[in-house]
Amino acid sequence: MSTNEDDHMKLVIGDTSDHKGMPIDEIYENLGFGVYQQRMTFVIGGAMACDYMEIQLLAFIQGCVVQSLGNDNVVYESILTSAVFAGQVVGMLTLGPLADYYGRRPIVLLGWLFIVLFGLLSCLSPDIYFLIIARALVGVGIGASQAIAYDLFAEIIPPQYKARLILLNYVGLVGQIYLISIAWMILNTAGWRWLSFAAAVPILIVFISGYYTMLESPRWLLSQGRVKEAEALLQQINVLNGSPLAVIEVRPLLNTEKEDATIEALFSPPFTMMTILLWAVWALGYFSYYSVYLVLVSTFEDKNNACDFEYGYILLASVMAVIGITAAFIGVDKFGRSATLSMSFFVSALILLGYFLCLVYNHHDAAVTLLLFGVASCVSALTAIWIFTAESYPTNLRGTGHSMANILGRVGAFLSVYWIDDFETSHILPGTAGFIVAIIVTAIIGSLIKDTSKIALVDHIDPNRRVSYVSSPISRRGDDEETKSLLS
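Each residue of the sequence shown is one higher than the one before, starting from -5 at the first, in our numbering.
In structure tokens form, the structure reads like this:
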């Protein structure tokens, strides 16, 4: 490489020695994973728990809802479930990208407010049509807030603690266990309205907590050239964490020219191929996971009572997810994001191939056991997808990139509802083979995406398609070549 090219690369990845102030990643390294980050682990993780509850809720109530509202038709069950996914797509498409223009905090709070209001209104639904609309609007709130809240958390974590993003998944899992436990206690006696209410109350607590404690992302403010505002918020975190920094003076980015955060930008160099691969992984990955999960839930449904399930086994599936999240937590740092994603899906495919053979030879107990481990493996892969995607786009494009990828995931989940409904009744073996093939293809595609483990978050991409980095502890430890490779 010529001297001029070397100088250009230094400029692009953050040689800002002539500028005053400290790079934001170095500031975060000094702030550590302190009180503020720990608080946000529970606030944002709690929101993810509520999102999971609102989605999972329909797996429990759809059967008894259509019975109690006088529309005992399996078509309404599918429509009710898919309405949430459709709402998520609308929320991600319309509100998610606004987080790159107006900030993370207002969009996240707006999404949480949607979930609170329409989650509570669901309990009061007079008919199935009102309930479908209410659940769709809950989906809008989830779509608007889920990925953006995750990105906000990614943007406040010191580079050396990036894998702690996965703590959100652990907290989120508490929501699933809570909902299953409450459904076990009250669904068959108090009914679906009280279960819906029990699912809606926690997000109200999260909304109030977030409103008073969650700050805007200083990294996003910096990417917008709002240096003084970023410094003020970093100082608040500094005081809260009891950090050693006396004064916060952040180094401005080299280039903060505004560029529209659009879908077109996601398909411009250097993101074109990465976006295509990520979208494919999200679509096929979520199709596969929800196919497996819906099969698991339907396996334990009481066919004579749509409001009753074998809750112990479903609770066991959520506990098994701890294994999947822990595998991802270890794997993303030890083996990398891409390798963890691919290995998890390959393991899932092997497990579900065993499940397929058990169906062929009528070994029910063995099939159920393998299905539980298949869910755990899929959870590990999806955990890696989330952290992978948050790290793949620059700050001024991260909200749009993550939301759009999430849309493809919801489309995959949406399709899985109809896929499972069809093969449950007529084509069990071909249907099972179908999502096994989807898992294998997802594993192969995931292995093609360049890893993000050893680079700091990208902070800005300018209209000339240059990526600007704040110099970080990670990149200073000798990983500049990997940073360049990721963007080649």
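Ideal placement from N, C-alpha and C gives every residue a C-beta, glycine not left out.
Under the 10 Å beta carbon count, Gly236 is surrounded by fewer than 16 other beta carbons and is classified as exposed.
Collapsing the DSSP output to three states places Met179 in a helix. DSSP links Val244 through a beta bridge to Met16. Glu223 and Tyr22 have their C-alpha atoms roughly 16 Å apart.
A residue is called buried when at least 16 other Cβ atoms come within 10 angstroms of its Cβ; Val110 meets this threshold and is buried.
Phe329 carries a coil assignment under DSSP once its states are collapsed to helix, strand and coil. Ranked by Cα distance from Val134, the options Ala80, Leu260, Ala427 are led by Ala80. Between the stretch 277 to 294 and the stretch 376 to 386, the count of Cβ pairs shorter than 8 Å is three or higher; the stretches touch. When the beta-carbon positions are compared, Cys352 and Tyr283 stay at least 7 Å from each other. One thing to note: Ala143 has its Cβ no nearer than 7 Å to the Cβ of Val200. Per DSSP, Tyr387 lies in no alpha helix (DSSP H) and is assigned neither H nor E.
Residue environment: Glu48 is assigned as buried (16 or more neighbouring CB atoms within 10 Å of its CB, all protein chains considered). Note on Thr394: 16 or more other CB atoms within 10 angstroms of its CB, so buried under the neighbour-count rule. Counting C-beta pairs closer than 8 Å gives three or more between the stretch 173 to 182 and the stretch 50 to 59, which meets the contact rule. In this structure, Val37 and Thr207 form a Cβ contact; the two beta carbons are roughly 6 Å apart against a cut-off of 8 Å. Contact holds between the stretch 190 to 197 and the stretch 108 to 128, because three or more Cβ pairs, one in each stretch, are under 8 Å apart.
With respect to the 7 Å criterion, Tyr46 and Gly169 are classified as neighbours on the basis of their beta carbons. About 29 Å separates the beta carbon of Leu107 from that of Asp453, a gap too long to meet the 8 Å contact definition. For Ser312, the closest C-alpha among the options Tyr287, Ala321, Val221 is that of Tyr287. Its chain contains Glu243, Val244, Arg245 as the residues whose beta carbon lies nearer than 7 Å to that of Met16, once the 5 sequence neighbours on both sides are disregarded; these appear in chain order. Counted as a single uninterrupted DSSP element, the stretch harbouring Gly97 is not any alpha helix (DSSP H), since DSSP gives it neither H nor E. Judged by their CB atoms, Ser211 and Leu167 are not nearer to each other than the 7 Å cut-off. The three-state reading of DSSP puts Ala226 in helix, counting H, G and I together. Inter-residue distance for Arg99 and Thr363 is about 42 Å (C-alpha atoms, whole angstroms).
When the alpha-carbon of Gln229 is set against those of Val221, Val241, Ile127, the nearest one is in Val241. In the structure shown, Ala321 falls within a helical segment according to DSSP collapsed to helix, strand and coil. Cβ atoms of Trp413 and Gly425 come within 8 Å of each other, at about 6 Å. Using a Cβ distance threshold of 7 Å, Asp19 and Pro153 count as a contacting pair. At a Cβ-Cβ threshold of 7 Å, Tyr164 and Ile324 do not count as neighbours. At least 7 Å separates the beta-carbon of Ala148 from that of Ala450.
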